[in-house]
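Note that this note's numbering gives residue 392 to position 410 of the sequence shown, counting from 1, and the numbers run on in steps of one. Virtual Cβ for every residue (Gly too), placed ideally from N, Cα, C. Let me begin by presenting the structure, written as structure tokens, before commenting on it.
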Amino acid sequence: MPPRLRAVLDAVARGLCALTFDQRMAAGLFAAIALLPLLAPLLGGGYVLHIGGRAMILALAAISLELLIGVGGMVSFGHAAFLGIGAYGAGIAASHGLGTLAVALPAALAASAVFALLTGAIAVRTRGVYFIMITLAFGQMGFFVATSLAPYGGDDGLGWPGRTLMLGTHALKNETVFFYATVGAAAAAYVLTSRLAASRFGRVLRGLTGSETRLQAIGFAPYPFRLAAYVIAGTMCGAAGFLLGNHAEFVSPAYMHWQRSGELIVIVLLGGTGTMYGPVLGAVVYVLLEEVLSGFTEHWKAILGPILVLVVLFAKGGMAGGIEQAVAAWRRRRPGPRELVEALATLARRRAAGRSAAAVARWEQAGEAARRQRDLVWPIVKRALGRARVRVAAWRGDLGVMTEEGLARLFQQRRSLTLALGRQLDGLLSLLKGTVAEAQARWHPWKMAFGRRLVSLVLLAERNIADAAQRWKRR
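Written out as structure tokens, the structure reads:
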């Protein structure tokens, strides 16, 4: 591997190790999404980038809503109003010939921020269901105001003359450039929201969710923190509206309807509250489900509803919570260094015990074979010895008879006696040789088998001793 590439990979590895689990998941998710233009020719061309851009715009809006729900504990049912106001702000500027990035984007952000400040000054004074209802009321108020804007299309919506000019060029007309612009905006929103959640501001918001009275007792007023979070979330959602208007080159009052606010809440719940990468994951999955299920039926939301219920019931914290639970379970089951060493030691002991048992079994088999060979050879030897005793007794009897007849006859017949004695001895020697040869013929196979087993036992012992020495050196 080249040194420069190794250095880059080492730097990336060190950077990933310094990130939290949430940040690593978000980095992996954004990196995978950023590779979509490379796979677009294989997956459907520009349409895939179109769908990916829409997913990133919804992810940006969902991240802004996560700041209210997951950090501030404020469930807004009129969040889509900021989406529509941002799109209308840029669209109205474009209809007056001011469709440049330097004018349209600040107009969208300023309109969303002003609307969030005015409505939030009243809404954040309420809690729980009352906050939900008042944000729903403000959202529907914006929806009906947009339908009454007859100069800008009214209920039919407002068509844009084209996408916003960037540095005097139509760079956003390119689907790849626009896709990366949406990815960059979503990533920037993720970084900003993560920083806010980890800052003192975010800790105060979380503390207000847990115990508002306790924070008031130590000197933190809830109202300005909640209002600031509401304005920041509304402004970020206005940026998503600006991108959504450029994406469709059209803006409609339907962008501000309460159903769109419900979709944003569904995205946050599907991805998982309490995490910052959850809304991004939820937006991607929501758009994919919409594309797949709408191909089967136009009532695809009737299928999405049960899926959402199952996710809420069986995955605490949405899809992100399910992922974190699975990772935590895997980490609990994964053995640590000490458990790994103990498992390896146990395995080594079991293997050594198995080898010893196998050696003992082979030794016992060799002994049993030797005993069987002994049992076969010993009767033959006994029979041969019996025949030899009979011959010796007969020879002794003959010798005794010859002694009784007298020494004279013995001396007379010494030559014939010598010959007879030689024949007797030759016969006895032949019998003994046959017996020994037969015993050797039966002994040789057992001796060879015993020798082989003895050699294998010695080699096994040497291998076990070498393995033990190596393990001792590694320790």
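Item, Value
"Decide yes or no for the touch test of the segment 202 to 221 against the segment 44 to 54: beta carbon pairs closer than 8 Å, at least 3 of them.", "yes"
"Judging by CA-CA distance, which residue of A69, A41 and L225 is the nearest neighbour of V159?", "L225"
"So if DSSP puts F232 in a beta bridge, which residue, or which two residues, is it bridged to?", "G141"
"Assuming G260 contacts A302 under a Cβ cut-off of 8 Å, what Cβ separation, rounded to an integer in Å, is found between them?", "4 Å"
"Suppose the cutoff is 8 Å on Cβ atoms and the five residues either side in sequence are ignored; what does the same chain contact list for G139 look like?", "F232, V233, S234, P235 and A236"
"For H229, count neighbouring C-beta atoms within 10 Å of its own C-beta (all shown protein chains included) and say buried if the count is 16 or more, exposed if not.", "buried"
"What residue range does the alpha helix (DSSP H) around P160 cover?", "Before going on, a small fix: residue 160 reads as Phe here, not Pro. Where F160 is concerned, the enclosing alpha helix (DSSP H) stretches over E157 to A180."
"Alpha carbons only, please: which of L439, V250 and P88 is nearest the one belonging to A37?", "V250"
"For L154, which beta-bridge partners are listed by DSSP?", "L154 pairs with nothing; no bridge assigned."
"Exposed or buried, which one is L187 when buried takes at least 16 other CB atoms within 10 Å?", "buried"
"Do the segment 98 to 115 and the segment 76 to 89 make contact, defined as three or more Cβ pairs closer than 8 Å?", "no"
"Would you tell me roughly how many angstroms separate the C-alpha atoms of L147 and A86, rounded to the nearest one?", "9 Å"
"Within 10 angstroms of the Cβ of R208, are there 16 or more other Cβ atoms? Answer buried if so, exposed if not.", "buried"
"What did DSSP end up calling L80 once you bin it into helix, strand or coil?", "coil"
"When DSSP labels each residue in this structure, what does L187 get in the three-state scheme?", "helix"
"Use the C-beta contact count for L178: other C-beta atoms within 10 angstroms, 16 or more gives buried, fewer gives exposed.", "buried"
"Looking at the C-beta of V213, does it have a partner C-beta in chain C at a distance below 7 Å?", "The structure shown contains no chain C; it holds only a single protein chain."
"According to DSSP, what are the bridge partners of M148?", "T151"
"Where do the N-terminal and C-terminal ends of the alpha helix (DSSP H) with A16 fall, by residue?", "F3 to A16"
"Does DSSP classify W282 as helix, strand or coil?", "coil"
"With respect to the alpha helix (DSSP H) encompassing H32, which residues constitute its N-terminal and C-terminal limits?", "G28 to E48"
"From L11 to E306, what distance separates their C-alpha atoms?", "15 Å"
"Whose C-beta lies closer than 6 Å to the C-beta of A366 among residues of the same chain, with five residues either side of it excluded?", "T417"
"To the nearest angstrom, how far is the alpha carbon of G166 from that of L197?", "36 Å"
"Considering I247, what are the terminal residues of the alpha helix (DSSP H) in which it resides?", "W240 to G253"
"Pick from S176, L17 and M430: whose alpha carbon is nearest that of T2?", "S176"
"Please say whether F59 and I114 have beta carbons closer to each other than 7 Å?", "yes"
"Can you tell me where the alpha helix (DSSP H) holding L131 begins and where it ends?", "Looking at the DSSP string, L131 is not in any alpha helix (DSSP H), and its letter there is neither H nor E."
"Go to R196, then tell me how far its alpha helix (DSSP H) extends in each direction, as first and last residue.", "E194 to A199"
"Ends of the alpha helix (DSSP H) at V53?", "Per DSSP, V53 belongs to no alpha helix (DSSP H) and is neither H nor E."
"Look up T328 in the DSSP assignment and say whether it is helix, strand or coil.", "helix"
"Roughly how many whole angstroms lie between the Cα atoms of I15 and L31?", "10 Å"
"Skipping 5 residues on each side, what residues in its chain have a beta carbon closer than 7 Å to that of I67?", "A93, S94, F97, G124, G220 and G223"
"In three-state terms, what does DSSP make of M115?", "helix"
"Please confirm whether A168 and L42 have their CB atoms less than 7 Å apart.", "yes"
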